[in-house]
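Below you'll find the structure, written out as C-alpha cells, and then a few comments.
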Amino acid sequence: MVRATQLAVAALGLLGAAAAQLVSTGMSVTLDQIDYFVSPYPAGNVTVSAASLTDIPSVNGFYPVTVVQEETAGVSSLSSLFSTWTDVDDVFTPAFLGAVLVRGYKPDNVTATFFNSSRSSVLSPLESRVVPSGPYFLEQATGNLYPVYRLYSDYAGAFTQPLLQKPDGTFQPLSAQVAGLVSSTIGVPSRIYYTPSDEKPLAGARVGVKDIYSLAGVRQSNGNRAWYNLYGENNVTGTAVSRLIDAGAIIVGLQKPSQFANGETATADWVDLHSPFNPRGDGYQDPSSSSSGAGASIGSYEWLDLALGSDTGGSIRNPAEVQGVYGSRPSHGLVELDHVMSMSPVLDTAGVLTRDPYLWDRANQALYSTNYTSFHGKSVRYPSKLYTIDFPTTNDSAADALLAGFQKRLAAFLNTTTTPLDLSDDWSSHPPSSAPANVSLETLLNLTYPMLITKQQIPLVRDPFYADYAAKHDGRVPFVDPVPLSRWNWSMAYPDSALDEAIHNKTLFMDWIAENYLTPISDPEQCSSSLIVYVGTDGSQRARNVYRSLPGAPSGYSKFLISNMASVPDFVIPVGEIEAYSTITQHQEKFPVAIDVLAAKGCDGLLVRLAQDLFEAGIINAPLAGGTLTVAALFGLAYASTQAVLQPEEPSDFRTFHSPYSPHHSIRIRQQNESICAAHSAQYTGWLDIGRKHLFFWYFESQNDPANDPLTLWMTGGPGGSSMIGLFEEVGPCLINEYGNGTYYNPWGWSRNSSLLFVDQPVDVGFSYVDEGEDLPGDSHQAAIDMHRFLQLFVSEVFPQLQTLPVHLSGESYAGHYVPYLGSQIVQQNKLYPTEPQVLLHSCLVGNGYYSPRDTTYGYWETLCTTNPGVPEPVFNRTRCDIMAANMPRCMEVSDVCVRNPDPAICHAASEVCYEGVIGWYDDESGEGGRNRFDITAPCALDGICYIEAARIEQYLNTPAVWAALSPPKEIKEYKVTSDNVSRAFDLTSDTMTPASEQVAFLLANQVHFLAYQGNLDLACNTAGNLRWAHSLPWRGQVEFASKALRPWSWVDVVSGKGGVAGTTKEVRVKVSESTDKESRFALVTVDGAGHFLPQDRPDIALDMMVRWISGASFTE
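Residues -20 to -1, 1 to 1097, numbered by mature numbering (1 follows the signal peptide of the UniProt record, and there is no 0), are exactly what the sequence shown covers, in order.
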C-alpha cells in the first residue's frame, strides 16, 4: 500500500514536464483467510520497536496490531477484554494480537504472553490517547496506524456502490473486491472503534443509504444509468444523512432504488439495474420497492444495522413487510429532504429499516431530532381504541391463524378489544361536510396518488434531467425504465390543474382521518386517540421469475395509502412467518407475515415503543438476517426450540400442566425470547403452583443437543437466596451488563452442554411467593417435598423428552443442605412409587456447600490463621488466632450437643457460642467497605452478598421490560435477591445448625454420585471445614477417601483452549454393596483464586469441571 500522502513523480520522455499524481485509495489484504481493506487515512501515529514486530506477518511493511486504550489490570483482564471484543465485533480476530499496544503498560522482564493457544503476543506501551481501541494495520516505516475494514460480498445485489467515509466528512468509492458473482464488495469498520453515548447514540452503527440521497464526494444514480453518467460527484450531503452521521453512524454504501423511486416489480420492470434479491423463503421473491436495496440488505446481512430509505407511496413499508423487518413511514415533514430526489414533496418521507426495535428508536431520534419524541424509559398509556383492517375472522390458513392469534394477543396486551374498520363505508355514511356529494372514497382518491407523484416529479426531476441530457448529447433523450416513463406519459394527458385537485382531495381525507380516527391528544403518555392496525403481508408469494402485465398509472385506493394521504406514521412490525410450498425450490419454505400500525400525526415514538413492548412481552420476535426470521447462526450457535409440546396456539399466554399424581400441583409456563436473556437457546419461565405456594422457575434448553443432553437443576443457598444469582451472576447463559439494564451472552454458561433449570426456592424467594396466610417452609426437608413434585411434573408432563435423560442437582452455599435433602427425597419417592414418573437422578454437584456447621466453623481457624493457595500470609495475627483456638473446643462441644439433640433452642444456643467465640471475630468486621466472608482477599462492596452484581440483578429484574416478559402475578410487588422471611423461618428450626451428612451418605449408598467443589478463598463455607466433613462422611468409601492425598488437577478452557493447573482434587469410586458391581463416585475439587461464588470468579474452570463431572470423566486423568 502507498501512503495516503500524494507522491509526485516526474514525467519522463517527450511528454513534457507535466507531473503525475499517485494517490493511495487503500489496500486489500487477507489475514487468516478473512478479507480486509486497509484505509488510506491514518488514525494516528505511534512508536513501535522493530524487534517487537519480528514474528508478525506483514504485507509491504504493514503489520496487523491491536490498540488498547482501556486501563487494564494485567494480562488476565486483557484476555477478558479480547474475548468480549470477539463476541461483539466481526472485524477483530486473534490474528491482530501479534503486537498489542496498551496505554499505561509498563514493560517488565516478560513482554510476551499468550492470549490464545495458537500464537504469542508482544505487549508494547502506547503513548497516544487519540487512536481508538481496536484492530489496525501499522506501517512500520512511518508509525502510522490505519483503520481496518472487513470486506463482505453483496451477494443480494442490494448496493449500487460501496463507500468509504473520509476524515473530512465526504465520501469516496471503496476500492476493494472480494469473490462474488456480479456483486459489490462492502467494507465495514470495527465496532470497537466506536462507543455510543448521548451525543453519539448511533456510534459505529453501519448504515446503507438509498441511492437517491446526495452524499458529498460521490455520484448518485436514482436507479438510472444515464443520470449517473451525466452528473458529476455531489458536493453536499443533505440534512437527513448528515444527522445520522452526526449521531455517529457509519455510511458503508449506496443502495439500489427502483428507478426514480417509482414502484417496480422484479424482474422485467428493472431494466437499467438488476433488482436485489429478497433473502426470505426460496430467495426468489420480489423484494418490493422502491427502497429495494434497503429491504434486501437488512433482510440479508447481519453485519448491517440500518438502511435509510424513502417512502412516498409505500417504498419503505413494502420492502420491510416482504423481508420481515421493521420499517417506518414517519409523520410527514419530520426532516428536511434537501438534496434528495423527490417524487412528490407533499408525500415524500425519509425513514429507516432495521431488525432491532431499540436501534430503531435511536435512529429515529437522530434523524428527526426535536420532531420526534421517544417513549424509551417513559410512562406510556396506549389508546383504548384499536381499529383493525383486513384481519381474518377464521383460521382457514396458517396465515389466518397467525394473524388472528396476534390480533387477540395485541388486544389483550393493550387491555382493549378490536373494532373492524371499513373506511369506505364510514366515508359513505358520514363524509366531511366539504366533500363532494355522493362521491365514494374510492372515486375521490382514485387518481390522487398517481397525479401527485407525476405532476410533481415531472418538473422537479424529469424536465431538468431531459434538458441537461439533451444539451450534452445533441438533443437525445435518456433511457428511462418502463414504469416511470409510462407514468410520466400518462400524466401528460391531464391539465396542470389536476395537481391542485389532487392536493385538495388529499387534504380533505387527511383532515377527516385526524378528526374521526387518529386524533392527536395533549396527554404525552398517550399521544394518539386510537391505533389502526392492518395486514401488511400474509406471507403470499410474488416470485421474480414471472412476466406480468405492462405498467401503468398506480390508480385506486387501498389501506396502504391511508398514511400517505393522512400524513400519519405507518410502522411495519413483523409478527412471524408461515410455511408454504415454493414453486422455485419445490419444497416447503418460510415466508414473512407482517402488520402495519398507524397512529396520529407526530406520535411516531409511540409506535416504536409499542414494538419494543410487544417484543419484551414475547408477542413478537426481533427478526434475524437470512432465509428465515427465527432460525439463524448467532455467534456460531444455531438455536431454535426443539420442544414441540410447548407450541400453544397463543405463545404469549401461559400454558398450564396439571399433575395426575398430586391434585394440588400444576405448572404455568410461557416461552421467552432473547430480549431479556441472550441465551442462544430456547427458554421458558413460569410458576409451580402448590396449593397456596408458588415457585418461580427459568428453564433453558441445552445449546448443544437438547434432545439428548442431561438436565441440571440449580439452587442458590442462603437460606433465602434467589437462584437468579446463579443464573445472572454465575452459570446461566446470559449475564447482566454493568449498567443493570440488559444482558449479554455468557460463553461459559452451563447450558452449553446441559439443559439448565433455575428455581427460586423455597417459596417467598425471588419471584416465588405464597398466598396470604400460608406458612413458609422452615427446613430443607419441607422444601425438598415441593421441589420433588415440581421436577416430577416438569419432566413427565411439561417436557416429557426429559423423562429418559439423566438429572443432576447443583447449587452452592446452603445448597449443601438443599441438594442432599432433595436428592434423598427423589430416591425415596422413586422407590416408594415405582409406577409414578421417575426423576432419573444421576449426580449432585455443590459449590462451597454448607454441609456441616460444626466443620465449617472449625475451618475458620485454619482458613484465617494459616496460609492458603493465593494467600501467602495468614489473615489474622497470632493474638486473634490464639483466642479463636482457645474458644474452639467449647464451640465443638455445644455443636455436638445440637447434632445429638436437634432442638431449636439447644441449636440456637450452640450457634451463639460459636459465633461469639470463633465466627464473630471475622464476621463482625464484614459488610460494606469491610471484610468479605466470600473472598478473604477482596473487600466487600455491599452489605449482604458483598458483590455489586447482586445489586444489578435486583435492578434488572425490576425493570418494566422484564416484568412485561415474565408477567409476575399481582401478589409480587418487587423482586429481591434475598428473602429475610425465609431466613427467619429457617432460624426458627434447627436446620441451619445440623449437618446434611446422613442425606449425602444415603445418596452415595443409592448410586447417586456426589461432587463437592470449593473456591479456596471462601471463608463462609471454607475448604478446610468441608475437607474435614468429607473425611468423616459415614459411607462405604470413607476410609479410602480420607486416606487419599490431594492431587493437582488441570483444566482446559472450552472457549479458548488455554488452561493450566486449577487446584487440587481427590475422588473414589466404591461399590454401593458387596452384592453388586454398581458404584458410587465421591469427589472433592478445589480451585485456586476463587471464592464462594466460584463460577463467577473462574467461569472457565467451572464449566470445564462441570462438563467433566456430568460426562463421568476423571479430574486427574
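Virtual Cβ for every residue (Gly too), placed ideally from N, Cα, C.
Just so we're clear, the structure is a prediction, and the values are computed from it rather than from any experiment.
Between residue i and residue j, how many whole angstroms is the CB-CB distance? I'm expecting something under 8 Å.
i, j, result
"Y719", "A658", "Contact flag wrong, Cβ pair sits at about 15 Å."
"Q145", "P325", "About 29 Å; that fails the 8 Å criterion."
"S163", "G203", "About 18 Å separates the two Cβ atoms, so there is no contact after all."
"D835", "W1009", "4 Å"
"W283", "D134", "Not a contact, Cβ separation roughly 11 Å."
"A79", "D12", "With 8 Å as the limit, A79 and D12 do not qualify as a contact, their Cβ atoms being about 15 Å apart."
"C507", "L586", "5 Å"
"V957", "I705", "6 Å"
"D1080", "V1035", "7 Å"
"S510", "K365", "4 Å"
"N867", "V898", "6 Å"
"S959", "V745", "5 Å"
Since residue i sits in a beta bridge, which residues does DSSP pair it with?
i, result
"P115", "T46"
"L824", "Reading off the sequence shown, one finds Cys at residue 824, where the question assumed Leu. Answer is L789, F990, bridged to C824."
"G701", "T958"
"E654", "Paired residue(s): none; E654 is not in a bridge."
"W1031", "G1040"
"L693", "L737, L789"
"H645", "I670"
"S308", "F551"
Output yes or no for whether 7 Å exceeds the beta carbon distance between residue i and residue j.
i, j, result
"T969", "P833", "no"
"V28", "V9", "no"
"L333", "A287", "yes"
"A23", "P127", "yes"
"G279", "P259", "yes"
"V548", "K581", "yes"
"P554", "G304", "yes"
"G845", "M973", "A small correction: the amino acid at residue 845 is Cys; Gly does not occupy that position in the sequence shown. No, the Cβ-Cβ distance between C845 and M973 is not below 7 Å."
"A1004", "T843", "yes"
"Y264", "R524", "yes"
"L785", "P690", "yes"
"F676", "D740", "yes"
"S562", "D380", "no"
"M695", "A795", "yes"
"H788", "S823", "yes"
"L103", "V82", "yes"
"R171", "G184", "yes"
"V1052", "Q987", "yes"
"E951", "N938", "no"
"V315", "L347", "yes"
"N485", "L424", "yes"
Mind checking residue i: buried by the 16 CB within 10 Å criterion, or exposed?
i, result
"A1093", "exposed"
"P919", "exposed"
"A613", "Summary for A613: the model assigns pLDDT 25, below 50, so the residue's position carries little reliability, and this model does not support an answer."
"F459", "exposed"
"V90", "In this prediction, V90 scores a pLDDT of 41, lower than 50, which makes its location untrustworthy; the coordinate-derived value is nonetheless stated afterwards. V90 is exposed by the Cβ-count criterion."
"residue 1118", "This structure cannot settle anything about residue 1118, because the visible part of the chain is limited to -20 through 1097."
"L782", "buried"
"D685", "exposed"
"S408", "exposed"
"N215", "exposed"
"N544", "buried"
"E244", "buried"
"Q652", "buried"
"T374", "exposed"
"Y840", "buried"
"K358", "exposed"
Meets three-Cβ-pair contact criterion under 8 Å: the segment 1043 to 1050 and the segment 1064 to 1082: yes
The segment 981 to 995 touching the segment 839 to 858, judged by at least three CB pairs closer than 8 Å: no
Cβ contact (3+ pairs, closer than 8 Å) linking the segment 295 to 310 and the segment 513 to 523: yes
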